């Protein structure tokens, strides 16, 4: 990128807090206009936002500084930008530009031998897509169905699982556990653009991205269908394509008044997370009809259900197989309870049941294999290095399942991990007796043995994670509604948030002390030492603070200058 014209101000000197407020105000107005159906105002505000200098700067910062894949190159080979180059990129951003083809890479699917295609756009196209996402996402957040949870700000898979629990906790139901075959690759582009109903300039730009083509192993292939995975705008477009599925199914069944026999409403419950969805209803015939309606609706978008991953089952009793189903790594099932332990009276009346959600067997197996592989690859590594590699894996996995009935699973995984570490230690010292090995690698603290060196961090055991139930997001609430108290509180209670981050968020009341702005769901918070360790700063809560990733970069640069 050209750096001939050097700007009169630096990247770090831009008024970032002011620009974020300006962009959010526009996004909030777009959300409000879309909520009341004022399409003309939505398009006017979107034009204003995509031409905004502040929005362009934020888009470039998000791609080049905040994003985890900021050092991933597209077909142009550019991996990183200097501050001056970022300002030049901001000047170049505008709609109606011809995009470059995306670079295709193949990543393995967890637990299978299949691979998933990922499209890496150039730095310029990723920045422009992020700019468009800033304008399009608020509009559709006001339209999306309430039980859609995938790839949406402020929503997670834990909300989807909580919605399923709320639907079945009072009555067993039949389940259509469905998966859409190759959703991103087969979306009908013409129908997608028709659903977007945006103004011509933005429509032409999105169409250009859809038809930009992919470069795989040095050869360019056209893209006449589907949405390339990997771009900032791709998840929003996929959600737009699948928007209306829930309403099409639910509206096909006229709602009846509350009846004691049905113990609730007659309409089915649809819960969707990206291209996976479940339909819940007490009548099997209705579930079979839902499957037909879903197939017909998806066919219009060029999609279909995947037969091998679509099945009908029951949450409590399934004569054709095991009751319950797996969804997003969780096993959701109901168990009969009662004085006779049979769950039914002699007349056949159901006594009672209990809904239990646990980590699925496949998820446990994948996690066990991951731990085994890490330990195998670190046979010759020091104990400190092995612990440093295992702790993030264990903490991330247990945090994900800390909202369900996972205590027994955590105890089991703690024991299995101990067995693997015992084998790891015995392999290093085959001639040592076990007592000596234990004294060398385990420490007795507060009545418990911990895998830990004499100096350094201990291994984080699965069983140390406490079960804390997750509160589902309220109705159709969105981060663009302006209720910062609600969203900052939810962010601090997110189950996948590390304990230190959650504690610091609570202490800072959800704000970044560097810029003074609230943390948002798509921000990347980082723990910073108030007094750097090189200057004698302690590694403790008294010396920690939580900053945005870009704010952390600025503070680190300042600290290095003052040394």
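In the working numbering, the protein residues as written are 887 to 1449.
A virtual CB, placed ideally from N, CA and C, is assigned to each residue, including glycine.
For clarity, every value in this text was computed on a predicted model and none was experimentally measured.
Among residues of its own chain, excluding the 5 on either side of residue 1148, which ones have a beta-carbon nearer than 7 Å to its beta-carbon?
-> The predicted model places residue 1148 with a pLDDT of 46, which falls under 50 and marks its position as unreliable, so this point remains unresolved.
In terms of residues, what are the limits of the alpha helix (DSSP H) holding residue 1218?
-> Note, residue 1218: premise wrong, no alpha helix (DSSP H); beta strand (DSSP E) at 1216-1222.
Could you spell out the range, first to last residue, of the alpha helix (DSSP H) harbouring residue 927?
-> 925-936
Local conformation of residue 1287 per DSSP, three classes | coil
Can at least three beta-carbon pairs, one atom from the segment 1074-1092 and one from the segment 1034-1044, be found at a separation below 8 Å?
-> no
Environment of residue 1228 [buried if 16+ CB atoms lie within 10 Å] | Because residue 1228 carries a pLDDT of 48, less than 50, the predicted location of this residue cannot be relied on, and no value is offered for it.
Exposed or buried, residue 1434, counting other C-beta atoms within 10 Å across all chains shown (16 or more means buried)?
-> buried
Assigned exposure category for residue 1331 - 16 Cβ within 10 Å defines buried = exposed
If you follow the alpha helix (DSSP H) that residue 1003 is part of, which residue opens it and which one closes it?
-> Taken as a continuous stretch (DSSP letters only), residue 1003 belongs to no alpha helix (DSSP H), being part of the beta strand (DSSP E) at 1001-1006.
Just mark residue 954 as buried or exposed, buried being the case when its beta carbon has 16 or more other beta carbons within 10 Å.
-> exposed
Could you check what DSSP says for residue 1329 in three-state terms: helix, strand or coil?
-> strand
In three-state DSSP terms, what is residue 903?
-> helix
Within the segment 1136-1207, ranges of the alpha helix (DSSP H) (whole runs, at least 4 residues) | 1170-1186
Which value, in whole angstroms, describes the spacing of the CA atoms of residue 1249 and residue 1295?
-> 11 Å
Cα-Cα separation between residue 970 and residue 976, rounded to whole angstroms = 10 Å
Report the rounded CA-to-CA distance for residue 1104 versus residue 1098, giving the unit in angstroms.
-> 15 Å
What are the start and end residues of the beta strand (DSSP E) that includes residue 1111?
-> Looking at the DSSP string, residue 1111 is not in any beta strand (DSSP E), and its letter there is neither H nor E.
Run through DSSP, which three-state label would residue 920 get?
-> helix
Cβ of residue 1011 within 7 Å of Cβ of residue 1164?
-> no
So residue 1220 packs on residue 1209, CB below 8 Å; how close in whole Å?
-> 7 Å
Name, in chain order, the residues that DSSP records as bridge partners for residue 1242.
-> 1219
Check whether the segment 1013-1022 touches the segment 1117-1130, taking contact to mean three or more Cβ pairs, one atom from each stretch, closer than 8 Å.
-> yes
Between the segment 1329-1349 and the segment 1283-1299, do three or more beta carbon pairs fall short of 8 Å?
-> yes
If residue 1173 sits next to residue 1198, beta carbons under 8 Å apart, how far is it from one beta carbon to the other, in whole angstroms?
-> 6 Å
Specify whether the segment 1000-1014 and the segment 960-970 touch according to this definition: at least 3 beta carbon pairs, one from each stretch, less than 8 Å apart.
-> yes
If you run the structure through DSSP and keep just helix, strand and coil, what is residue 1403?
-> coil
According to DSSP, is residue 1085 helix, strand or coil?
-> coil
Anyone know if the C-beta pair for residue 1457 and residue 1112 falls short of 7 Å?
-> Since the first and last residues shown for the chain are 887 and 1449, residue 1457 lies out of range.
Report the three-state DSSP secondary structure of residue 1025 (helix, strand or coil).
-> helix
Under 7 Å Cβ to Cβ from residue 1267, same chain only, skipping five residues before and after it: list those, please.
-> none
Out of 1419, 1212, 1393 and 1333, point me to the one whose CA is closest to residue 1065's CA.
-> 1212
CA-CA distance, residue 1245 and residue 1102?
-> 37 Å
CB contact flag (residue 1075, residue 1088, <7 Å) = no
Sorted by chain position, which residues of the same chain lie with C-beta nearer than 8 Å to residue 1187's C-beta, five sequence neighbours on each side aside?
-> 1073, 1074, 1077, 1078, 1127 and 1128
Looking only at DSSP bridge pairs, what is residue 1106 linked to?
-> 1101
Nearest CA to the CA of residue 1362: which residue from 1255, 1033 and 911?
-> 1033
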